[in-house]
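Notes to accompany the following structure.
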Amino acid sequence: MESSGSSVVKEALKTLSTDVHDFCGSRVERIDASRLESTFFLRTFVLPSRPVLIENAARREGWKTEGWANKDGAYLSDLAGDELVTVAITPNGLADALTVDDATGVEVFAQPHQRRQKLADFFRDLRQTRESGAAVVPYLSAQNSSLTKELPALLPDVSPDVSWATSAFGAPPDACNIWIGDDRSVTTFHRDHYENIFVVVNGSKTFKLLPPTDTWRLGMREAPAARYDASLRLQREEPERFVRWCGLDPRTLEGLGPGPPPLEVTVRAGEALYLPAMWVHGVAQKCAEDGGPCVAVNFWYDMEFSHRWPFVKLVETLSS
Ligand SMILES: O=C(O)CCC(=O)C(=O)O
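My numbering applies: residue 801 is where the sequence shown begins, and numbers increase by one.
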C-alpha cells in the first residue's frame, strides 16, 4: 500500500507539472527571425525558459544551403564526399533507447554501432537500406561538434553561429552538429545541459517537449548499458554499467504519467527551434516531399547553471 507521504509527494508533483505547463502555455510561439534582436530573445524566451519556433532563421543568417536539399546528397558529396564521418547504426532507428534484447529477454540501454565511413558511402547506405527495407538504419547524428570537426568543407554554406543567440548567450557555441537521416530514425526523450538552437535545412523534425519539472512522468528506470556490434547484435558493456533512461517513445507517448500533453512543434526547412536547456525532448523526422533526407544543424550554447538546477534535481529525487 502507498504511504500517505508518497501520495502527498505524487500529488505535489502533479500540481507542479500543471502549474509549470500553465506558465509555458499549450503551444510553441512562432516568431519571424527579423524580430529576434538579442535582448528581446533573452528577455522573452531565455530568461523564462520558453521554447520558440523561429521562421526564416537560416535566411537571416545568410545560409546558402539550397544544395543541401539535393535528394541523393550529390551536392554535399561533391563538397565533402571523401571525408570520414561517424555514423550511428541500429536495426530499428532507435539509438540510445531502452530496448529488450531478443537474445536474452533483458531490457538494456541500447547504444548504436558507430561506423566511420566516407560521407558519400553514408548517403549510398541511407538510400539502399531504405529501398531494400533492411533492418539497418544509418543516422548521421554524432554530437561531438560533428559539422566543424568532421565536415569543415560544408562550413562556408552556413554561419559559424547564430548571431542573435551568440550575443544573447554572451559566447560562441560550444558545439555545432550536423544531422542527416530519414523517417526511420527517432530520438528518444532525454534532456541536455545546453541551450539549443536547432535549424532544419531539409525535410522536417517534430519535437515533443516537456518542461524539466516533468521528469517524474517519464517512466525513468535503470538498465545495463549495451551497444550494437557490427552485426547489429547487442553486446553488454563490460564492466557492467547502469544507465537511467526514459522508456517513452515520442511517437506513441505510451506510458507518459498523468498531466498535460507535451508541447509539439514541427520545424520545417529554413526554420529554427530554440530549445531551452534541460527541457525534455523526443524527436521524429520526415524526409522532404521528393524523398530527400532530413538534414539539420544545431548549435549548443553553454547553459547558465542557476537555482533552477537544484529544483530539477529535487523533482528527480522525489520521483525516484
Ligand atoms: O534531431 C534529432 O534526432 C535529435 C536532436 C536532439 O535531441 C538535440 O539536438 O538535442
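Backbone N, C-alpha and C fix where the C-beta goes; we use that ideal spot for every residue, glycine too.
- Task: Round the Cβ separation of D1090 and K871 to the nearest angstrom and send it over; I've been treating them as touching at under 8 angstroms.
- Result: Contact between D1090 and K871 holds, with the beta-carbon distance rounding to 5 angstroms and staying under 8 angstroms.
- Query: Does DSSP classify F922 as helix, strand or coil?
  - Reply: It is helical.
- Message: Using DSSP's beta-bridge definition, name the partner residues of C976.
- Response: BP columns for C976 point to F1099.
- List the DSSP bridge partners of N996. Answer by DSSP bridge pairing, in chain order: L1075 and W1100.
- Is the closest heavy atom of ligand 1 to the C-beta of D982 under 7 angstroms? The nearest non-hydrogen atom of ligand 1 is 7 angstroms or more from the C-beta of D982.
- Query: With burial defined as no fewer than 16 other Cβ atoms inside 10 Å of the residue's Cβ, what is the status of Q928: buried or exposed?
  - Reply: Counting Cβ neighbours within 10 Å, Q928 comes out exposed, since fewer than 16 surround it.
- Message: Counting C-beta neighbours from all protein chains within 10 Å, is the total for E950 16 or more, i.e. buried, or is it exposed?
- Response: Buried, since its Cβ has 16 or more Cβ neighbours within 10 Å.
- Query: Does the Cβ of D902 have 16 or more other Cβ atoms within 10 Å, making it buried, or fewer, making it exposed?
  - Reply: Flag for D902 reads exposed.
- Query: Is there at least one non-hydrogen atom of ligand 1 closer than 7 angstroms to the beta-carbon of W1045?
  - Reply: Set against 7 angstroms, the gap from the CB of W1045 to the closest heavy atom of ligand 1 is not smaller.
- Message: Please tell me whether, using a cut-off of 7 angstroms, the distance from the CB of H1081 to the nearest non-hydrogen atom of ligand 1 is below it.
- Response: Remark: the shortest separation between the CB of H1081 and any heavy atom of ligand 1 falls under 7 angstroms.
- Query: How many whole angstroms separate the CB atoms of A920 and G867, which I take to be in contact at a CB cut-off of 8 angstroms?
  - Reply: Taking C-beta atoms under 8 angstroms as the contact rule, A920 and G867 fail to qualify, at a distance of about 15 angstroms.
- Task: Taking V820 as part of the alpha helix (DSSP H), name the residues at either end of that continuous run.
- Result: Element bounds for V820: S804 to C824.
- Nearest to T865 by CA position, among R1068, R1036, P956 and V1115, is which residue? Of R1068, R1036, P956 and V1115, the residue nearest in Cα terms is P956.
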